[in-house]
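Peer 1: Whatever position you read off the sequence shown (first residue = 1), add 26 for the numbering used here.
First the structure, which I've put down as structure tokens, then a few questions once you've had a look.
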Amino acid sequence: SKSKTKTTMGKPKVRPPSKVDSLTFPVFGLTWYGAPSSPTNNDGCSVIAYCGGGGSAKTGVGNKIVVTVTSDNNDGVGNSSVDDAGGNNNTAQQQQQQQYSSSPSTVPSTTRQILISTGEALCFGVHAFRPYNDSLNMVRLLACVGDDILLYGIPLSRKIITDNIEHSEGADTYVAEEEKVEEATLLAKTSVGKGYGANVATYSACHVPPNLLHFVAVGCENGTLVNFQLTQTKDEQSPSSLPFEFTKVSECQGHTKAICAINFHPRGTQLLSSAKDGTARIFDARNGAPLAVLKCEVHDPAGPAPVAPDPTKAKTRDPRMMRRAPQILVRGCAYGDLEGRVVYAVASGKRGPAYLTRWRTVVPSHRAPPASSSGGPPGAPPSSFAPAPTATTTPSFQREYRIQCSPVPVSATSLSSDGTLLALGSV
Numbered sequence: 027s028k029s030k031t032k033t034t035m036g037k038p039k040v041r042p043p044s045k046v047d048s049l050t051f052p053v054f055g056l057t058w059y060g061a062p063s064s065p066t067n068n069d070g071c072s073v074i075a076y077c078g079g080g081g082s083a084k085t086g087v088g089n090k091i092v093v094t095v096t097s098d099n100n101d102g103v104g105n106s107s108v109d110d111a112g113g114n115n116n117t118a119q120q121q122q123q124q125q126y127s128s129s130p131s132t133v134p135s136t137t138r139q140i141l142i143s144t145g146e147a148l149c150f151g152v153h154a155f156r157p158y159n160d161s162l163n164m165v166r167l168l169a170c171v172g173d174d175i176l177l178y179g180i181p182l183s184r185k186i187i188t189d190n191i192e193h194s195e196g197a198d199t200y201v202a203e204e205e206k207v208e209e210a211t212l213l214a215k216t217s218v219g220k221g222y223g224a225n226v227a228t229y230s231a232c233h234v235p236p237n238l239l240h241f242v243a244v245g246c247e248n249g250t251l252v253n254f255q256l257t258q259t260k261d262e263q264s265p266s267s268l269p270f271e272f273t274k275v276s277e278c279q280g281h282t283k284a285i286c287a288i289n290f291h292p293r294g295t296q297l298l299s300s301a302k303d304g305t306a307r308i309f310d311a312r313n314g315a316p317l318a319v320l321k322c323e324v325h326d327p328a329g330p331a332p333v334a335p336d337p338t339k340a341k342t343r344d345p346r347m348m349r350r351a352p353q354i355l356v357r358g359c360a361y362g363d364l365e366g367r368v369v370y371a372v373a374s375g376k377r378g379p380a381y382l383t384r385w386r387t388v389v390p391s392h393r394a395p396p397a398s399s400s401g402g403p404p405g406a407p408p409s410s411f412a413p414a415p416t417a418t419t420t421p422s423f424q425r426e427y428r429i430q431c432s433p434v435p436v437s438a439t440s441l442s443s444d445g446t447l448l449a450l451g452s453v
């Protein structure tokens, strides 16, 4: 007789660099930024941030943003070819390059965690990015807290700073220097509008010769999109001023319910957004003009479309008792190519499966000139300031297909930058 052996499969092991964090509060927003080291610059980093909380801080569950920073240890050798005495330091730089190329995995790294309290206000969205040609050696973090949008600077390396702290002993007061670790630095803050409710935020850089302009768009609970330009503060002498400031450029109106996702056009000044009103929309970020409305559906593509309830045939006039069409929640949207010709959206109802819809432009949207003619430095983002759209350049979209992507409703989505991989989260 053959003996039977029972095999049991355990949970899959989490292998580095993957990790699992045990959380004690609901998470409403998550973002990740990563950049590898190079043979000449040992400045690789990975920044993961998530936000949430339990409501009022008085309940004992604090509202916070948790940031985990993993960075390669930068000894400064690879960042300069001149030593402190002014001599040539190419030998040390070449040695570091050889060590990196022969064994990249030996590059040491450090990991630390930074906590940012948001007080009694919940943070619903975070977005991490690092501007081109950054001089602060910080990853920027946009945080949507209440009606405010905040910009933090997250230092990539652990720094000890000296601060003057006031102490009191009885009737005597004195100031002493104390050392502390530099953590998150508030760089800018502004209100998107009273009662707007900031939900999600995104960033885009636009090269307009000879300047590199920085823009931040915020999607709000009331269905409004607010676009800001981020600049250095003019009055740097004021002790109460922050290093940067938000200047409102435009407001985009059209959505009737809360906005779930927003994205800048890869090469233009357009904004793509999706909301709980069953639509994805495209706006001109410069003046807020609506350019396109993409309606989403959540029924079986192979079957007939559901018939909307006729209010005239209802047995009751009480709005609470009348049958309503199911609410369609468009949780995610993204451009699927570098020209902005392809748009994806993921939608679901409160029950039932979720569907992925793909659209393609019939009339191409306005395009920016190539980077070589923009006058910008090599590697800089291409210029996005093309002429304002006209009747002949306003994009028109045609739906290519709609497929089921999840058997249950979707609560969060993320599309890879090349438009080939889609991540879905469900409740």
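For glycine and all other residues, C-beta sits at the position ideal for the given N, C-alpha and C.
Note that the coordinates shown come from a computational prediction; the quantities given were computed from them, not determined experimentally.
#1: Would you list the one or two residues that DSSP bridges to L448?
#2: Less than 6 angstroms between C-beta atoms, sequence neighbours within five positions excluded: which residues of the same chain meet that for S300?
#3: So does I74 have its beta carbon nearer than 7 angstroms to some heavy atom of the ligand FMN?
#4: Where L238 and S440 are concerned, what is the direct C-alpha to C-alpha distance, given to the nearest angstrom?
#5: Report, in whole angstroms, the separation of the C-beta atoms of V152 and I91, which I expect to be a contact under 8 angstroms.
#6: Could you give the C-beta distance for V244 and A227, rounded to a whole number, given that I count them as a contact under 8 angstroms?
#7: Using the three-state DSSP reduction, which class does L213 fall into: helix, strand or coil?
#8: Could you check if Q125 is buried or exposed, using at least 16 other CB atoms within 10 Å of its CB as the buried criterion?
#9: Do you know offhand how far A315's Cα is from S267's?
#10: Here's the rule: buried if 16 or more other CB atoms are within 10 angstroms of the residue's CB, otherwise exposed. What is W58?
#11: So, with DSSP's three-state summary, where would you put Y381?
#12: Hey, how far is the Cα of S161 from the Cα of Q255?
#13: Among A311, R377, C322, S432, whose alpha-carbon lies nearest the alpha-carbon of W385?
#14: Kindly indicate the opening and closing residues of the beta strand (DSSP E) around Y158.
#15: Where does the unbroken beta strand (DSSP E) through L320 begin, and where does it stop?
#16: Which residues does DSSP list as the beta-bridge partners of V73?
#17: State buried or exposed for K302, treating a residue as buried only when at least 16 other CB atoms are found within 10 Å of its CB.
#18: From S442 to N289, what distance separates their C-alpha atoms?
#19: Determine, using beta carbons only, whether L167 and A75 come nearer to each other than 8 angstroms.
#20: Helix or strand or just coil, what does DSSP make of S422?
#21: Ignore the nearest five residues each way along the sequence and tell me which others in Q139's own chain have a CB closer than 6 angstroms to its CB.
#22: Under three-state DSSP, which class holds N253?
#23: Across which residues does DSSP place S230 in a beta bridge pair?
#24: Between the Cα of G221 and those of E209, E247, A210, spot the shortest distance and give me the residue it belongs to.
#25: Taking C-beta to C-beta, are V73 and I180 nearer than 8 angstroms?
#26: Which residue's Cα is closest to the Cα of A380: G329, H325, F423, Y427?
#27: Quick check on I142: buried or exposed, where buried means 16 or more other Cβ atoms within 10 Å of its Cβ?
#28: Can you have a look at T137 and say buried or exposed, based on whether 16 or more other CB atoms are within 10 angstroms of its CB?
Peer 2: In short, the structure shows the following:
#1: L448 is bridged to L441.
#2: By the criterion of a C-beta distance shorter than 6 angstroms, S300 is surrounded in its chain by C286, A287, A306, V356, C359, A371, once the five residues flanking it on both sides are discounted.
#3: Absence of the ligand FMN is noted for the structure shown, with no ligands found whatsoever.
#4: Distance between the alpha carbons of L238 and S440 is about 27 angstroms.
#5: Yes, V152 and I91 are in contact; Cβ-Cβ is about 6 angstroms, under 8 angstroms.
#6: Going by Cβ atoms, the distance from V244 to A227 rounds to 5 angstroms, so yes, they are a contact pair.
#7: In this structure, L213 counts as strand in the three-state DSSP scheme.
#8: With a pLDDT of 47 at Q125, under the threshold of 50, the modelled position of this residue cannot be trusted; read the value that follows with caution. With fewer than 16 other Cβ atoms within 10 Å, it is exposed.
#9: When rounded, the distance between both Cα atoms is 33 angstroms.
#10: Its Cβ having fewer than 16 others within 10 Å, W58 is exposed.
#11: Looking at Y381 - three-state DSSP - the assignment turns out to be strand.
#12: Approximately 19 angstroms between the Cα atoms of the pair.
#13: Comparing Cα-Cα distances from W385 to each of A311, R377, C322, S432, the minimum goes to C322.
#14: It is not in any beta strand (DSSP E) - Y158 carries neither H nor E in the DSSP assignment.
#15: 316 to 321 is the span of the beta strand (DSSP E), which, as asked, contains L320.
#16: V73 has Y59, V95 as its beta-bridge partners, per DSSP.
#17: By the neighbour-count rule (16 or more Cβ atoms within 10 Å), K302 is buried.
#18: In a straight line, the C-alpha of S442 is about 12 angstroms away from that of N289.
#19: The answer is yes: Cβ separation under 8 angstroms.
#20: Of the three classes helix, strand and coil, the one that applies to S422 here is strand, per DSSP.
#21: Hits under 6 angstroms: T94.
#22: Secondary structure of N253 (DSSP, three-state): strand.
#23: Residue pairing for S230: DSSP places it in a beta bridge opposite F241.
#24: Nearest C-alpha to G221 among E209, E247, A210: E247.
#25: In this structure, I180 lies closer than 8 angstroms to V73 by Cβ.
#26: Here the closest residue by C-alpha is H325.
#27: Sixteen is the threshold: when 16 or more other Cβ atoms of the shown chains lie within 10 Å of the Cβ of I142, as they do, the residue is buried.
#28: With fewer than 16 Cβ atoms within 10 Å of its Cβ, T137 is classed as exposed.
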